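Adding 27 to a residue's 1-based position in the sequence shown gives its number in the working numbering.
The block underneath contains the structure these notes are about, expressed in structure tokens.
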Amino acid sequence: MRRLLSTRPSASMAVAFVALLAALSGTAVALPGKSTVDTGDIKTGNVKNSDLGRNAVTTGKVKNNTLTGSDINESKLGKVPSATSADTAANAANAANAANAANAANAANANRAASAGGVDGRTPFLVKLSAGESRTVATNGAVSIVVECLSSAGNDQVRILGATTQDGAALGGDSDTYTGATGDTLDSTTPADDRVMSSNTDIDGSTNVTSQIDQGWVMAPDGKTLGLDGETTPLGLNYAGAECVVSGVVNASG
């Protein structure tokens with residue numbers, strides 16, 4: 028039987044063996060266990076997309092307050108609710124302002140058209156009426172001037188009347204005159220046929236345009252007055268596309 032001899036390796040052999048193991052293993056060092064990798068264990072830039080599992084990185088992985096403007100695509104963001112509210116409020120305010128301005132302008136124009144003194148004391152007018160119609164063209168305090176269109180007894184007639192809402196007024200016209208003296212006043216109950224300032228009458232269907240010179244005024248008891256500028260107040264029958272047409276200017280004072 029052969030006897031095996033046990034020989035202890037020399038120091039130089041041990042060193043060579045360790046060097047061989049180091050060469051074979053490189054610089055890798057085993058980690059101590061699971062869930063122990065930290066930032067110090069990974070070389071910068073060494074983790075690739077292929078090293079990450081599907082859905083391994085989510086929005087929940089981003090630390091609060093770490094993203095900056097350069098990290099965000101602004102086009103993907105919706106409008107902040109408060110900004111939408113601000114836009115709505117601004118648009119509503121602009122719309123309200125525009126509506127208020129328009130209403131104010133319309134009211135001003137209406138007042139100028141309705142008031143005898145609205146345009147430097149002068150109210151120009153053009154009235155076209157059918158038989159049986161009437162229209163107030165100017166008012167100054169208690170007194171007014173009215174245009175009326177009539178057709179009766181085979182005649183057409185257009186006339187301008189004075190009117191008052193306060194008894195005791197005075198009137199000067201082509202057909203009727205009231206001096207304002209006791210018993211000779213224009214009152215709120217005076218019939219239309221008795222307060223004619225200017226008129227034009229012709230056979231039914233006839234065309235006729237005429238005017239009275241410097242005729243027609245009405246004065247309220249407080250002195251407010253309306254006067255027709257007679258030379259520029261033509262009265263037409265069956266003319267300008269209407270049964271009755273009157274164009275003129277009313278002057279206001281007082």
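Quick reminder that beta carbons are idealized off the backbone N, C-alpha and C, glycines included.
Treat the numbers as computed from the prediction; the structure is a model and nothing was measured.
Top-ranked residue by Cα proximity to residue i, from the options
i	options	result
A190	N227, G243, T93	G243
D221	T204, T252, D231	T204
A158	P151, D256, A247, S178	S178
D256	A269, I187, G281, T216	I187
D231	A196, S215, G281, A180	A180
P218	A128, T192, C271	T192
N227	N91, E175, T95, N124	E175
Identified DSSP bridge partners for residue i
i	result
M246	A197, T252
N278	R149, G254
S161	E175
T204	G199
Residue i: first and last residue of the uninterrupted beta strand (DSSP E) it sits in
i	result
R186	182 to 191
S238	Where S238 is concerned, there is no enclosing beta strand (DSSP E), given that its DSSP letter is neither H nor E.
T212	Per DSSP, T212 belongs to no beta strand (DSSP E) and is neither H nor E.
T260	Segment: none, T260 is in no beta strand (DSSP E) and carries neither H nor E.
T228	223 to 230
Under 8 Å between C-beta atoms of residue i and residue j
i	j	result
S238	D201	no
D229	D183	yes
V170	L262	no
L156	A247	no
Assumed close pair residue i, residue j - CB separation to whole angstroms, cut-off 8 Å
i	j	result
V154	L264	With 8 Å as the limit, V154 and L264 do not qualify as a contact, their Cβ atoms being about 13 Å apart.
A267	T150	Between T150 and A267 the Cβ distance is about 20 Å, and since that is not below 8 Å, they are no contact.
G148	K251	So it is not a contact: roughly 12 Å between Cβ atoms.
A196	V245	6 Å
Residue i: CB within 7 Å of a non-hydrogen atom of the ligand NAD
i	result
E160	Inclusion of the ligand NAD in the displayed structure is not the case, the ligand content being empty and no account of it being possible.
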